[in-house]
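For the sequence shown, our numbering begins at 19 and goes up steadily by one.
Quick reminder that beta carbons are idealized off the backbone N, C-alpha and C, glycines included.
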Amino acid sequence: MLDRLKRYREKRDFSRTREPAGAPVKSGKKLSYVIQKHAARRVHYDFRLEWKGALMSWAVPKGPSENPNDKRLAVHVEDHPVEYGSFEGTIPEGKYGAGTVMVWDRGWWKPHENPDTAMEKGKLGFELHGKRLKGNWALVRLRRRSKKDKDNWLLIKEKDGVAKTEGKLAVDREIDSVASGRDMEEIARGKKIWHSSRPKKEAERPIKKKTRNFLRSGFPPS
Ligand code: MN
């Protein structure tokens with residue numbers, strides 16, 4: 019098999035980043051799907067779909083929208099290892115993709131047709147079964163206007179029972195990790211993930227300034 023992770027590895031120094039070097043895996047019946055929120059030079063959402071042992075990937079600057087009227091730019095980037103989908107943490111300063119990575123949504127996906135043919139045609143239709151995103155979606159390739167253009171696609175929600183034309187979008191509503199419950203700041207600080215097997219100690223939580231002053235002065239916080 020052609021090494022689909024070659025470009026991924028060339029961009030990274032695995033002695034300097036905790037991202038996985040990864041290896042192609044054998045895909046099972048259910049194909050994984052993940053979106054990682056990535057606070058790099060600019061915040062964007064990395065949209066990843068497992069296919070043939072790696073994650074096809076697109077960087078979506080504005081993130082997905084459940085509104086079929088929105089067409090979200092999705093820049094096709096290099097394939098990532100399947101295990102990358104569970105990576106949450108920070109990529110060191112000065113390294114490729116430096117910044118904080120959060121697992122924003124995850125689950126599985128089902129292509130409407132063979133993804134190889136669909137990718138060649140430039141239209142990939144699929145179902146998402148994530149915690150936050152569901153229903154039918156499509157990725158549609160834009161025509162390149164010049165050789166310098168990136169491999170630009172559009173991520174579009176298809177009309178179905180879970181499409182939304184009003185109310186807050188998931189990207190505005192959901193700001194914590196679907197994997198650890200942490201927000202970007204807590205991930206950046208390297209705040210430990212709470213495990214249910216360990217009893218949560220009150221003392222582990224930072225005391226808010228107002229509460230601290232109250233404890234000292236005896237007056238209730240305003
Ligand atoms: Mn990214």
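The ligand PLP heavy atom lying under 7 Å from the CB of residue i
i	result
G115	Judged by which ligands are present, the ligand PLP is missing from the structure shown, whose ligands are the ligand MN.
Residue i vs residue j beta-carbon contact at 8 Å
i	j	result
A58	G115	yes
G107	I205	yes
W126	S45	no
R150	D123	yes
P86	A188	no
V7	H62	Look at the range of the chain in this structure, 19 to 240, and you will see that residue 7 is not part of it.
G185	P99	no
W155	K175	yes
D97	A77	no
Collapsed DSSP secondary structure at residue i in the structure displayed
i	result
G107	strand
D194	coil
E68	strand
K24	helix
K219	In this predicted model, K219 has a pLDDT of only 48, less than 50, meaning its place in the structure is not dependable enough to derive any value.
Closer than 8 Å to chain C by CB, residue i
i	result
A197	Reference to chain C is not applicable here, since this structure consists of a single protein chain.
Below 5 Å from a heavy atom of the ligand MN - residues by beta-carbon: H56 and D64
Going along the chain, which unbroken runs of the beta strand (DSSP E) with 3 or more residues stay wholly within the stretch 133-184? 141-148, 152-159 and 170-175
What residue ranges within the stretch 26-108 form continuous beta strand (DSSP E) runs of no fewer than 3 residues, ordered along the chain? 49-57, 61-69, 72-78 and 89-99
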